[in-house]
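Here is the structure we will look at, set down as structure tokens.
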Amino acid sequence: MLKRFAALAGVCLLAPIGAAPLALADPPADPNVAPVANAAPAPGGPAGPVPSAAPGVLKTPDGWVLNVSGKDESMEPVSSLTNSPWSREYLVDGTFTGSVTGGGSTKLAGGTLEAGYQIGCGIIQDDIESIATGGITPGVGIPIVNGSLLPVTLGLSASYQMKIDLKPGVVNIVPVGKKSFKGTAPRISITGFRIKIDGCAGQSFIRSYATLTSSTDNTDDVVTYLGVTKAV
């Protein structure tokens, strides 16, 4: 009698559980409702802003005044595309302008404006040489046990060395833009340009430059702007 009651109770307990609705299930998606897209990040400025240096100024013997300068400069260190420990890369931005003013005694014939970057490294890695050595060292036991020598022993030895040749650093000049002009106010703007140097085993240095050349029929006058140096 007791066993029949227990079986009946088990059936009564299982029935309501099996018939219970799935209250936690997600309702079907409404096809008329579009998913909300992720909000676009707010635009920001350059990630590695640097101050600009003083402009380059030249007063020519003919009476013209040349001026070249930089502004809105940024030099952000970034990982190299090859992930090499010997490479240094920067993402650079900047605007470089030139002007020719004054009342010179000669007729202007235009000129050029060139802008770019000088990137250098204090120590350059030249060659890497791997040196591996190995050997066998025999040995014989001196004490005598039961009238015989101890077993002969052999020792294995191995070593590995890496030789890196270093040499004094170098500076690479990387022109980015060059503009020939006929007027008196040229400009070059640079955005998102990657500058790199390979084989660098030490600290790296980078700075911008802009060179303005003003020409007449018989002369060329040249002045250069050098930006602030950034070291990483």
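Here the sequence shown stands for residues -25 to -1, 1 to 207, where the numbers follow mature numbering (1 follows the signal peptide of the UniProt record, and there is no 0).
For each residue, glycine too, the CB sits at the ideal point set by N, CA and C.
Only a predicted model underlies this, so the values are computations on that prediction, with no experimental measurement involved.
Item to complete: With a threshold of 16 other CB atoms inside 10 Å of the CB of Ile148, please say whether the residue is buried or exposed.
Response: exposed
Practice prompt. Please state if the CB of Gly202 and the CB of Ala28 are separated by a distance shorter than 7 Å.
Written response: yes
Worksheet item: Do Phe180 and Gly45 come within 7 Å of each other at the CB atom, strictly closer than that value?
Response: no
Fill in: Exposed unless 16 or more other CB atoms sit within 10 angstroms - verdict on Pro161
buried
Worksheet item: Among Cys175, Val53, Gly91 and Lys82, which one has its Cα closest to the Cα of Phe71?
Response: If we check each option's Cα against that of Phe71, Gly91 comes out closest.
Worksheet item: Are the CB atoms of Pro150 and Glu89 nearer to each other than 7 Å?
Response: yes
Worksheet item: Among Pro26, Val25, Pro24 and Pro30, which residue has its Cα nearest to the Cα of Ala185?
Response: The option with the nearest alpha carbon to Ala185 is Pro30.
Practice prompt. State the DSSP-derived secondary structure class of Pro60, mapped to helix, strand or coil.
Written response: coil
Fill in: Leu56 to Asp47 span [Cα, whole Å]
26 Å
Practice prompt. Return the CA-CA distance between Ile172 and Gln178, expressed in angstroms with no decimal places.
Written response: 11 Å
Practice prompt. Quick one: residues in its chain with C-beta nearer than 8 Å to the C-beta of Gly23, no 5 flanking neighbours on either side, listed in chain order?
Written response: Ser49, Met50, Glu51, Pro52, Tyr65, Leu66 and Lys205
Discussion item. Looking at the secondary structure, which residues open and close the beta strand (DSSP E) in which Lys171 lies?
Written reply: Arg162 to Ile172
Worksheet item: Roughly how many angstroms separate the alpha carbons of Ala9 and Gly167, rounded to a whole number?
Response: Its pLDDT being 40, under 50, Ala9 is placed unreliably in this model, and the coordinates cannot settle the point.
Discussion item. Using CA atoms only, rank isn't needed, just tell me which of Trp39, Asp68 and Ser62 is closest to Val25.
Written reply: Asp68
Worksheet item: Pick from Asn193, Thr191 and Thr199: whose alpha carbon is nearest that of Ser183?
Response: Thr199
Worksheet item: Secondary structure at Asn193, three-state DSSP: helix, strand or coil?
Response: coil
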